[in-house]
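Going by our numbering, the sequence shown opens with residue 2, and the numbers climb by one from there. Virtual Cβ for every residue (Gly too), placed ideally from N, Cα, C. In what follows, a single structure is set out as structure tokens and then discussed.
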Amino acid sequence: MRKFGFFCIGALLLLVSVVWVEGFSQDKKGTGGFGGFGGGGGLQTGVNLLTRADVKKELEVTDEQLEKLPAEVMIAISKVLSDKQFKRFKQVDLQKQGNNAFKAAAVQKQLNVNEEQKKSIATILEDSAKETTELFKGGGKGGFGKGNTEKVEGIRKEAKEKIYNVLTKEQRKGWREMIGEEFKFEQTGFGGFGGFGTKKGTDKKAPPKDK
2 MRKFGFFCIG ALLLLVSVVW VEGFSQDKKG TGGFGGFGGG GGLQTGVNLL
52 TRADVKKELE VTDEQLEKLP AEVMIAISKV LSDKQFKRFK QVDLQKQGNN
102 AFKAAAVQKQ LNVNEEQKKS IATILEDSAK ETTELFKGGG KGGFGKGNTE
152 KVEGIRKEAK EKIYNVLTKE QRKGWREMIG EEFKFEQTGF GGFGGFGTKK
202 GTDKKAPPKD K
């Protein structure tokens, strides 16, 4: 059971942590998707393997089956961690998801996001994704160099501010409670772009204070 617990933790980190740039992967819209986890190296796990197109085809795995995995893995993790650990884990997970967390059904439900707000948020995320994709197409020289990375971060921050403007004061307060204190992700690879927790002091990534 202990080994299974560690496996579940690794699996969830791969499955529910959204790609560092909103919409940059080719995931299904509105589902959180599983299309961005086909990388090599030591990150491959049994669950991650199921997200590969060739393996999905071989096993005839449906998208509906894959969509059930995050919730099932989350349940398994809740049985391994203490209540305090699990609460903090969910906060860190939301921070890592970045702006994409706002399109998750569970988040929208907890914040009481109405239909008009959902449409506005979806439009903001789609526009952000298109802008990012265009950056790395024909005119995106430099790949993931510092220049383009800063531009992507700027796109992300702009989208975040627009989403906050869509939310009400009470919803923004609820969001701050959901993400908790900021967790400083180590800047490795493509990581570190999702964090926007609330930390005491001067925190440029924290949600703007309501007047």
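For residue i and residue j, I'd like the C-alpha separation in whole angstroms.
i    : j    : result
S129 : R157 : 7 Å
F87  : D55  : 34 Å
Q172 : F103 : 11 Å
K131 : I164 : 16 Å
K91  : E65  : 23 Å
T169 : A105 : 18 Å
I76  : G175 : 23 Å
N115 : T124 : 14 Å
K120 : V108 : 15 Å
L50  : E73  : 16 Å
T134 : E162 : 20 Å
E187 : R177 : 21 Å
T150 : Q118 : 29 Å
With DSSP as the reference, label residue i as helix, strand or coil.
i    : result
E132 : helix
K97  : helix
L60  : helix
K185 : coil
F90  : helix
A105 : coil
T124 : helix
L51  : coil
L70  : helix
I164 : helix
T169 : coil
S83  : coil
N213 : Nothing can be reported for residue 213: it is not among the residues displayed for the chain, which extend from 2 to 212.
K152 : helix
K119 : helix
Around the Cβ of residue i, are there at least 16 other Cβ atoms within 10 angstroms (buried) or fewer (exposed)?
i   : result
T52 : buried
T63 : exposed
K58 : exposed
L60 : exposed
D84 : exposed
Measure the CB-CB distance between residue i and residue j and report whether it falls below 8 Å.
i    : j    : result
M179 : Q111 : yes
N113 : A160 : no
Q96  : E183 : yes
Just to check my reading of the structure: residue i and residue j have Cβ atoms closer than 8 Å, yes? What is that Cβ distance to the nearest angstrom?
i    : j    : result
K152 : L126 : About 17 Å separates the two Cβ atoms, so there is no contact after all.
I1   : V48  : Because the chain spans 2 through 212 in this model, residue 1 falls outside it and cannot be assessed.
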